[in-house]
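Enquirer: Quick one: this structure, given as structure tokens, is what I'll be asking you about.
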Ligand code: FES
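Residue numbers (this note's numbering): 1368 to 1563.
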């Protein structure tokens, strides 16, 4: 039987306190996330020049995130990150998936401890590959200016020069398969996550 578990997301803005946003607590409903992220498969009709004689309805196709299978839940080992690329193979798409053994915001799986994040520091794009710390469930310190991000709380900044959370990859679990289905937060170096 198919068992689908969906993640919950946060706005990723500001630096909420641990009291306000404890690990494992959702900061934004999935519906709100979808609406705020432009995630839709619909072709919509948009009225051009409204209120004038030239008013006309034209079709507009909205961007969608791909649904990409990235791992099997049963194959994950606690605190051993798995690399993948998302939402495409373009610049700054390198990301990591990790089972932390600790419940986390947006986490999937029976323990809600599997999360995924983009690998590039939101400050000036420092590469965080290989900086996962099992003891603190964090990514960092960034090799450029030492920013460190808390993966249990939607990637908010713990310390350092950055002022935006690390983009979190939205996950879904279908049976034993883990899919990446979206990104919450702007990936460094992009003006639009879907324009790699
Ligand atoms: S680029 Fe990472 S802290 Fe500056």
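Just so it is clear, CB atoms sit at the ideal spot from N, CA and C, and this is done for glycine as well. On a predicted model such as this, the values are computed, not experimentally measured, just so you know.
Rank 1523, 1518, 1501 and 1529 by C-alpha distance to the C-alpha of residue 1511 and give the top, closest one.
Expert: If you number the chain shown from 1, residue 1511 lands on position 144. Per the Cα distances, 1529.
Enquirer: On a Cα-Cα basis, can you pick out the residue from 1460, 1451, 1488 and 1421 that is closest to residue 1562?
Expert: Sequence index remark: in the chain shown, residue 1562 carries index 195 (1-based). That would be 1460, whose Cα lies nearest to the Cα of residue 1562.
Enquirer: Any idea which residues DSSP pairs residue 1532 with across the strands?
Expert: Here residue 1532 corresponds to residue number 165 of the chain shown, with the count starting at 1. Paired residue(s): none; residue 1532 is not in a bridge.
Enquirer: Let me make sure I understand the geometry here. Which of 1552, 1545 and 1555 has the alpha-carbon closest to that of residue 1449?
Expert: Locating residue 1449 in the chain shown gives position 82, counting from the first residue. Closest option to residue 1449, Cα to Cα, is 1545.
Enquirer: Below 8 Å on the Cβ atoms is my contact criterion, and I expect residue 1309 with residue 1481 to pass it. Report the Cβ-Cβ distance as a whole number of Å.
Expert: Residue 1309 lies beyond the range of the chain shown here (1368 to 1563); nothing can be said about it.
Enquirer: Give the C-beta separation of residue 1319 and residue 1432 to the nearest angstrom, bearing in mind that I take them to be a contact with Cβ-Cβ under 8 Å.
Expert: This structure cannot speak to residue 1319, because the chain is shown only from 1368 to 1563.
Enquirer: Out of 1416, 1559, 1462 and 1478, which one is the CA nearest neighbour of residue 1497?
Expert: As a position in the chain shown, residue 1497 is number 130, starting the count at 1. Selected option, being the one with the closest Cα: 1462.
Enquirer: Roughly how many angstroms separate the alpha carbons of residue 1466 and residue 1543, rounded to a whole number?
Expert: Reading the chain shown from its first residue, position 99 is the one you call residue 1466. Reading the chain shown from its first residue, position 176 is the one you call residue 1543. Near 14 Å, if we compare the C-alpha coordinates of residue 1543 and residue 1466.
Enquirer: Identify whether residue 1515 lies in helix, strand or coil by the three-state DSSP scheme.
Expert: The sequence position of residue 1515 within the chain shown is 148, counting from 1. The answer is strand: DSSP assigns residue 1515 an E or B state.
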